[in-house]
């Protein structure tokens with residue numbers, strides 16, 4: 007059976023924890039899109055980790071972790087990450103890398119930084135991990151696929167061709183140092199040496215695993231609102247963040263995905279630029295940021311302070327619908343225990359009219375939040391194990407959100423640890 011763990015909103019919803027938790031009963035965990043541009047924070051018996059490329063199931067010795075063909079594979083980052091968890095006492099994970107995955111090259115990161123610099127104040131708030139240039143090249147059919155590392159003739163010809171093409175832009179648009187083909191070839195040979203032992207036809211491997219009835223988890227990065235088609239375009243990422251893409255990015259049939267666990271935060275946060283209707287500012291935002299997450303709301307990759315807001319029912323209902331949600335995992339509920347009353351965004355006012363449908367970006371820019379206020383519960387809910395034991399106002403908050411978004415909240419996370427989870431019928 008295949009389950010997907012994906013985000014409903016802007017990313018940072020707590021997917022890493024949910025994947026880590028579900029991985030206990032899984033055989034295989036797959037990253038199917040995105041690159042090292044966003045991180046998953048996980049707290050377990052080994053400590054606190056920020057993973058970027060490794061799937062969040064690597065902490066169990068019974069699991070196999072797969073880097074799918076849809077991933078932007080940054081080989082040095084992947085291997086640094088593997089070493090960093092081994093150095094902290096985690097058993098060496100079993101890892102397979104798709105022979106059809108494509109590689110993030112050092113020049114992709116350079117182009118990412120050069121373009122942000124060129125755009126100045128109109129930049130996209132990129133993490134400069136090379137993701138947009140990588141996917142641009144993939145779809146322009148000038149990327150390097152892992153399988154090509156094993157054909158030296160092809161590689162030598164391609165290296166010369168790519169260097170010529172990139173150098174035109176480096177010289178005339180960015181006025182930066184040019185790419186030397188021999189250095190590019192050397193970089194690729196280093197990658198070959200690192201990744202060689204892990205490469206296989208992961209789609210075929212998964213085909214057999216499905217026939218054997220294995221439990222498979224798909225782990226998505228970021229959330230619906232960062233999807234290039236359905237998100238807040240152009241302030242989006244460069245690969246699809248939807249569960250449906252899991253079938254493509256892993257190389258499995260779409261009908262195998264039986265459960266879509268969409269992760270929603272009990273309030274909102276976002277990293278990077280773009281419309282964010284329920285955003286709050288000043289002391290109100292600072293206090294929520296300080297109390298939020300574990301150790302505060304700061305990006306797992308960049309350390310940037312996240313933008314904060316109240317729970318957005320309009321965005322979350324839309325986010326869940328696009329994911330094909332079967333279950334909602336509602337995270338960081340414990341953080342809200344300090345509030346006397348809790349605002350929730352239940353609609354958007356656009357040009358004097360109120361809507362509960364998520365609009366396209368140019369209308370979203372004009373939207374003002376319509377807020378409802380719910381009474382807080384004013385106590386610490388960490389350590390509570392059953393839904394019935396939660397304070398009444400806390401349950402009312404969960405049920406209000408569930409009714410607004412129209413999808414069942416079956417898991418409630420009330421703390422950062424692996425076991426801080428309440429299952430709901």
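Numbering (the working numbering), first residue to last: 7 to 431. Glycine included, C-beta positions come from ideal geometry on N, C-alpha and C.
Short check: CB of residue i to CB of residue j, under 8 Å?
i           : j           : result
residue 372 : residue 357 : yes
residue 319 : residue 268 : no
residue 31  : residue 221 : yes
residue 53  : residue 94  : yes
residue 1   : residue 113 : Beyond the ends of the chain as shown, which are 7 and 431, falls residue 1; an answer cannot be given.
residue 334 : residue 416 : yes
residue 312 : residue 276 : yes
residue 380 : residue 402 : yes
residue 283 : residue 351 : yes
residue 90  : residue 115 : no
residue 323 : residue 411 : yes
residue 109 : residue 424 : no
residue 339 : residue 382 : no
residue 42  : residue 80  : yes
residue 47  : residue 223 : no
residue 201 : residue 165 : no
So what's residue i in DSSP terms, helix, strand or just coil?
i           : result
residue 49  : strand
residue 248 : coil
residue 97  : coil
residue 7   : coil
residue 179 : helix
residue 206 : strand
residue 416 : strand
residue 61  : coil
residue 174 : helix
residue 332 : coil
residue 88  : helix
residue 195 : helix
residue 260 : helix
residue 153 : helix
residue 184 : coil
residue 283 : coil
residue 165 : helix
residue 432 : There is no way to answer for residue 432, as the model of the chain reaches only from 7 to 431.
residue 275 : strand
residue 359 : strand
residue 313 : strand
residue 318 : strand
Note the first and the last residue of the continuous beta strand (DSSP E) segment covering residue i.
i           : result
residue 37  : 34-37
residue 404 : First-last for residue 404: 398-411, but that is the alpha helix (DSSP H), not the beta strand (DSSP E).
residue 269 : 263-271
residue 70  : 70-73
residue 243 : First-last for residue 243: undefined, no H or E at that position.
residue 347 : 347-356
residue 370 : First-last for residue 370: 367-370, but that is the alpha helix (DSSP H), not the beta strand (DSSP E).
residue 378 : 374-381
Going by DSSP, what residue range makes up the alpha helix (DSSP H) through residue i?
i           : result
residue 115 : 112-125
residue 138 : 137-145
residue 291 : 288-297
residue 23  : 21-28
For the putative contact between residue i and residue j, defined by C-beta atoms under 8 Å, what is the C-beta separation to the nearest angstrom?
i           : j           : result
residue 194 : residue 161 : 6 Å
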